[in-house]
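In full-length UniProt numbering, the protein residues as written are 1 to 595.
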């Protein structure tokens, strides 16, 4: 049928109708068309805007196997010389060069057609290395059992490898079913993550909508030195030698500079927790922590560790890691010395949970009250014990650390740190107190993930008493317990009342460190993610707190103990985060004030 002139003429006429239809629309459309260039018939995609053909991209790889016989009708882009043609009432250049289209906003996109993505070296490799941020694929792909899953993996992998967005659309129900079926697959992927997917095998036309975060892609590319280094190889083609020179095609300027926009994309309020299989993700994180500690114990020939156990989330997770590491190494759990150090603010609930957990896990238990030592210390330095300021609080934290360090010397052991990533970001730790240890297993685990990990262990435990204690620890308000409890003996000092909700701070932390977003963008995304839970004023308040504390407390992060990295965000001064302790936060805070 592709050799029928009537079909080719009707296709050109349909293109003229589409051009007329888009003349007043502020959109860029990409449509598949057969195009004759001299003796060659090409399978092409046309880019259309404001009634004009901006460019025509011919298909490169033509499948000629199984049910596909494209070489019977079409020529490849490789067979083409740059040629100007008159098509649909316009003069258009058709070229084999890798065409890069630029929007008025500076976004670069490219096109490949169906089989191109299935090739060992797709055109999108060269295009993305040349700067393309969004790839579009017009496809007519048949259905086979298992092919859909393979296609999903292919698109996810290609968008991740090229740090780009990939928009894929294939024909569906309206096509012939003489020998094959077309399922109407359509996807939007962004750096390996699926943003949208069409319903398969629908009898009705399908429309998918999604937003692509161009700033995030650019941030990822800037930070990925391998991607940057690979750009020097983008003209090397192992099949055909040097690739055709890339060609830039500018889309028309926007007529409307302002437009109302509603974000349809769902924003995950817990970006550190993205896995669909949360159980597998928790096990992986746990194993990273355990393996890191096990390696350090073997390296130091150490079979004794000392850990402060408060009955809170962080020390609980650290204790669980220690127990698993000892089991992995076949060490006696009695080599784990769990020390509970009640003070002025210790509640009955946390103390009870700490003791119960250590007893059931079979570790060595020591209880040492810090009250006499702290009372004497405050007296020695002339501080009123009734003044509950930072001196009062930090004296307790440092006394606890001193006890742990001295016990480690006494028993020839290693002090295990319990502080988490969120606390390090906020500086919510006492310098040379709980800030310091000999190996910190939680240092790159954010608080929101700590809660999931402890819950995960509780749910899997075959010890009912362990599970009960762990679930109650998860339900306990987060607190350093450094100020006296209330008259009922319950926790009065609640961390999230002072510095703000950890779920907000972890959200800020992820986008601030992982992608380097403006505070204004983080604020916008947080508003969408936590809509109905926090007001704009609340988000603004705690965002200001986060940025202020993050800059102010860098000096604590400049001298962190060793510890394993478990995710894409880490604050280790030897690895991911190198920042001067006297960096100025003025510009960031000024932007927040303008919100």
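For each residue, glycine too, the CB sits at the ideal point set by N, CA and C.
Exercise. What are the boundary residues of the alpha helix (DSSP H) that residue 449 is part of?
Worked result: Residue 449 -> alpha helix (DSSP H) spans 447-460.
Exercise. So, using beta-carbon positions, are residue 58 and residue 94 closer together than 8 Å?
Worked result: Here residue 58 is near residue 94, since their CB atoms are less than 8 Å apart.
For this session: For residue 41, name the three-state secondary structure that DSSP assigns.
Result: Three-state result, residue 41: strand.
Exercise. Expressed to the nearest angstrom, what Euclidean distance is found between the alpha-carbon atoms of residue 343 and residue 425?
Worked result: Distance from the CA of residue 343 to the CA of residue 425, rounded to the nearest whole angstrom, comes to 26 Å.
Problem set entry | Burial state of residue 203 (16 or more Cβ within 10 Å) | The residue in question, residue 203, is exposed, as its Cβ has fewer than 16 Cβ neighbours within 10 Å.
Exercise. At which residues does the alpha helix (DSSP H) containing residue 390 begin and terminate?
Worked result: For residue 390, the enclosing alpha helix (DSSP H) stretches over residues 390-411.
For this session: With a cut-off of 8 Å on the beta carbons, I'd call residue 415 and residue 437 a contact; round off their distance for me.
Result: Separation of the CB atoms of residue 415 and residue 437 is rounded to 5 Å, and the pair is thereby assigned contact status at 8 Å.
Exercise. By the 10 Å Cβ neighbour count, where 16 or more other Cβ atoms means buried, how is residue 556 classified, buried or exposed?
Worked result: Residue environment: residue 556 is assigned as buried (16 or more neighbouring CB atoms within 10 Å of its CB, all protein chains considered).
Exercise. For residue 500, which residues from the same chain have a beta carbon less than 6 Å from its beta carbon, with the 5 sequence-adjacent residues on both sides left out?
Worked result: Within the same chain, residue 500 has close Cβ partners 542, 545.
For this session: Could you check how far apart the C-beta atoms of residue 539 and residue 551 are, in whole angstroms? I think they sit under 8 Å.
Result: At roughly 19 Å, the Cβ-Cβ gap does not stay under 8 Å, so residue 539 and residue 551 are not in contact.
Exercise. What is the C-beta distance between residue 117 and residue 144, in whole angstroms, given that I count them as a contact (C-beta under 8 Å)?
Worked result: The C-beta separation of residue 117 from residue 144 comes to about 16 Å, leaving the pair out of contact by the 8 Å criterion.
Exercise. Where does the unbroken alpha helix (DSSP H) through residue 546 begin, and where does it stop?
Worked result: Here the alpha helix (DSSP H) through residue 546 covers 536-552.
Exercise. Roughly how many angstroms separate the alpha carbons of residue 561 and residue 218, rounded to a whole number?
Worked result: Taking the straight line from one Cα to the other gives about 32 Å.
For this session: Check whether the stretch 447-460 touches the stretch 427-434, taking contact to mean three or more Cβ pairs, one atom from each stretch, closer than 8 Å.
Result: Judged by Cβ distances under 8 Å, the stretch 447-460 makes no contact with the stretch 427-434, as fewer than three pairs qualify.
Exercise. For residue 93, does the three-state DSSP call read helix, strand or coil?
Worked result: Three-state DSSP puts residue 93 in a strand.
For this session: Kindly give me the distance between the Cβ atoms of residue 396 and residue 374, rounded to whole angstroms, as I take these residues to be in contact under 8 Å.
Result: Yes, residue 396 and residue 374 are in contact; Cβ-Cβ is about 5 Å, under 8 Å.
Exercise. Considering only residues of the stretch 264-321, which uninterrupted beta strand (DSSP E) runs meet the minimum length of 3 residues and lie entirely inside it, listed in chain order?
Worked result: Secondary structure remark: continuous beta strand (DSSP E) runs of at least 3 residues inside the stretch 264-321, in chain order: 305-308.
Exercise. With C-beta atoms as the reference, is residue 309 less than 8 Å away from residue 354?
Worked result: Yes, Cβ-Cβ distance for residue 309 and residue 354 is below 8 Å.
Exercise. Assuming residue 85 contacts residue 109 under a Cβ cut-off of 8 Å, what Cβ separation, rounded to an integer in Å, is found between them?
Worked result: Their Cβ separation, rounded to whole angstroms, is 23 Å, which puts residue 85 and residue 109 out of contact at 8 Å.
Exercise. Taking the C-alpha atoms as reference points, what is the distance between residue 5 and residue 60?
Worked result: Taking the straight line from one Cα to the other gives about 23 Å.
For this session: Can you tell me which of the three DSSP states residue 557 falls into?
Result: Here residue 557 carries a helix assignment [DSSP, helix/strand/coil].
For this session: Give a yes or no on contact between the stretch 322-339 and the stretch 287-295, applying the rule of three or more CB pairs nearer than 8 Å.
Result: Touching, yes, given that three or more Cβ pairs across the two stretches are closer than 8 Å.
Exercise. In whole angstroms, what separates the C-alpha of residue 1 from that of residue 180?
Worked result: Spanning the two alpha carbons is a distance of roughly 17 Å.
Problem set entry | Rounded straight-line distance, which links the Cα of residue 126 to that of residue 406 | Separation of residue 406 and residue 126 (C-alpha to C-alpha, rounded to the nearest whole angstrom) is 60 Å.
Exercise. Counting pairs of beta carbons, one from the stretch 460-473 and one from the stretch 440-451, are three or more of them closer than 8 Å?
Worked result: Three or more beta-carbon pairs separated by less than 8 Å are not found between the stretch 460-473 and the stretch 440-451, which leaves the two stretches without contact.
For this session: Please work out which residues of its chain come closer than 7 Å, Cβ to Cβ, to residue 79, disregarding the five sequence neighbours upstream and downstream, and give them in chain order.
Result: Here the set comprises 40.
Problem set entry | Collapsed DSSP secondary structure at residue 200 in the structure displayed | In the structure shown, residue 200 sits in coil (DSSP, three-state: anything other than H, G, I, E or B).
For this session: Mind checking which residues open and close the alpha helix (DSSP H) that includes residue 159?
Result: Where residue 159 is concerned, the enclosing alpha helix (DSSP H) stretches over 147-161.
Exercise. Of the choices 485, 120, 165, whose alpha-carbon is the least far from that of residue 131?
Worked result: Distances from the CA of residue 131 to each of 485, 120, 165 were compared; the closest alpha carbon is that of 165.
Problem set entry | Beta-carbon gap between residue 142 and residue 67 smaller than 8 Å | Going by beta carbons, residue 142 and residue 67 fall inside the 8 Å limit.
Problem set entry | 8 Å Cβ cutoff met for residue 210 and residue 262 | Taking 8 Å as the Cβ cut-off, residue 210 and residue 262 do not qualify as a contacting pair.
Exercise. Any idea what DSSP makes of residue 102, helix, strand or coil?
Worked result: Strand.
For this session: Measure how close the beta-carbons of residue 547 and residue 573 come, nearest whole angstrom, since I'm counting them as under 8 Å.
Result: About 19 Å; that fails the 8 Å criterion.
For this session: For residue 267, collect the residues of the same chain with a Cβ closer than 7 Å to its Cβ; drop the 5 residues on either side in sequence, then sort them by chain order.
Result: Within the same chain, 525, 528, 529 come within 7 Å of residue 267 by CB-CB distance, once the 5 residues on both sides are set aside.
Exercise. What does DSSP give as the partner residues of residue 608 in its beta bridges?
Worked result: Outside the shown range of the chain, which is 1 to 595, sits residue 608, and nothing can be said about it.
For this session: Return the first residue and the last residue of the beta strand (DSSP E) that residue 52 is part of.
Result: That run of the beta strand (DSSP E) goes 52-58.
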